[in-house]
Amino acid sequence: MRLPIALFLLASLAACTWVPMAPEGKTVRVLPPGPAPAGCEKRGEVVVSVKSNVGFYQRNPLRVREELETLARNEAPGVGANTVQAMGEPVEGDQRYAAYQC
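With the first letter of the sequence shown counted as 1, position 86 gets the number 87 in the working numbering; the numbers rise by one all the way through.
Structure representation (structure tokens):
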């Protein structure tokens with residue numbers, strides 16, 4: 002009986018992730034989805050992913066979105082961008098962002 006309980010607790014802890022904001026990511030702006038921003042140069046795309054579920058446990062969609070946005074902000078400086086814009090909705094923990102230098 003203890004083994005199933007221990008496995009359940011371990012799986013629950015695995016579902017709790019935290020994506021830290023990198024120092025460079027703090028300066029990256031996030032634009033709402035929509036048309037490309039005027040006066041900005043597109044630097045490429047950033048594709049990020051997190052676990053959206055662990056086994057049968059479905060993670061909070063808002064938390065998944067927050068983590069995806071944080072990862073995109075962390076990746077943007079690597080492609081010379083200071084702004085990111087979601088290109089669509091997250092799908093099973095994956096999301097694409099356009100990266101711009103504005």
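C-beta atoms are modelled at their ideal positions from N, C-alpha and C, and glycine is treated no differently. Values in this document were obtained by computation on a predicted structure and should not be read as measured data.
DSSP state of residue i mapped onto helix, strand, coil
i	result
R60	coil
V29	coil
N83	coil
V92	strand
Endpoints, beta strand (DSSP E) assigned at residue i
i	result
S50	42 to 50
Exposure of residue i, with buried meaning 16 or more beta-carbon neighbours within 10 Å
i	result
A7	With a pLDDT of only 49 at A7, under 50, the local geometry of the prediction cannot be trusted, and the value read off the model is given with reservation. Exposed.
Y101	buried
V29	buried
A73	buried
A106	The question about residue 106 has no answer here: the residues shown for the chain are numbered 2 through 103.
V48	exposed
Q96	buried
V65	buried
Test: residue i CB closer than 8 angstroms to a CB of chain B
i	result
G26	Annotation note: the requested chain B is absent from the structure, which comprises a single protein chain.
Residues that DSSP places opposite residue i in a beta bridge
i	result
R97	V48
V55	Y58
Cβ-Cβ separation, residue j to residue i (assumed contact under 8 angstroms), whole Å
i	j	result
V85	L69	Not confirmed; about 10 angstroms, so no contact.
G26	N75	4 angstroms
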